[in-house]
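Heads up, the thing below is written out as structure tokens.
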Amino acid sequence: TTPQGALAYEYDPLSNLTTLTLPTGQHLNHLYYGSGHLHQMNLDGQLISDMERDDLHREIYRTQGKLTSCFGYDSMGRKAWQYATTLPAEKLS
Numbered sequence: 080t081t082p083q084g085a086l087a088y089e090y091d092p093l094s095n096l097t098t099l100t101l102p103t104g105q106h107l108n109h110l111y112y113g114s115g116h117l118h119q120m121n122l123d124g125q126l127i128s129d130m131e132r133d134d135l136h137r138e139i140y141r142t143q144g145k146l147t148s149c150f151g152y153d154s155m156g157r158k159a160w161q162y163a164t165t166l167p168a169e170k171l172s
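Counted from 1, the sequence shown has number 91 at position 12 by our numbering; the numbering is strictly sequential.
Here it is as structure tokens:
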């Protein structure tokens, strides 16, 4: 606990962080797919980051707001390249 308040943590059966409750009462949610790899982060349902993975569960694509990052791997599975670009603004409802 700090002067700003306390953080609360919730975990799934695989010990992955699922929810971080902030001192403001907001919830930073971490969504995983079956194998335990992070798929999405959102703040009270508002998307923050979305990750896509290949068949070997390596991250190949990530969005964070208008920023999109892409990742490529060599035949040994090592990250060989990455780049980031911005997308046009999207109207939020």
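By construction, the Cβ of each residue, glycine as well, lies at the ideal position given by its N, Cα and C atoms.
Note that the coordinates shown come from a computational prediction; the quantities given were computed from them, not determined experimentally.
Residues of its chain near residue i, where Cβ-Cβ distance is below 7 Å and the 5 sequence neighbours each way are ignored
i    : result
A159 : G151, Y152, D153
E89  : T97, T98
E138 : M130, R132, F150
G115 : L93, N95
Q83  : P102
Integer-rounded CB distance, given that residue j should sit under 8 Å from residue i
i    : j    : result
D91  : H106 : About 15 Å separates the two Cβ atoms, so there is no contact after all.
T147 : A163 : 7 Å
S100 : L86  : Sequence check: residue 100 is Thr here, not Ser. So it is a contact: roughly 7 Å between Cβ atoms.
Buried versus exposed call for residue i [16 or more other C-beta atoms within 10 Å across all chains shown]
i    : result
M130 : buried
H109 : buried
Residue i in three-state terms, based on DSSP
i    : result
L93  : coil
L146 : strand
A159 : strand
L99  : strand
Y112 : coil
H118 : strand
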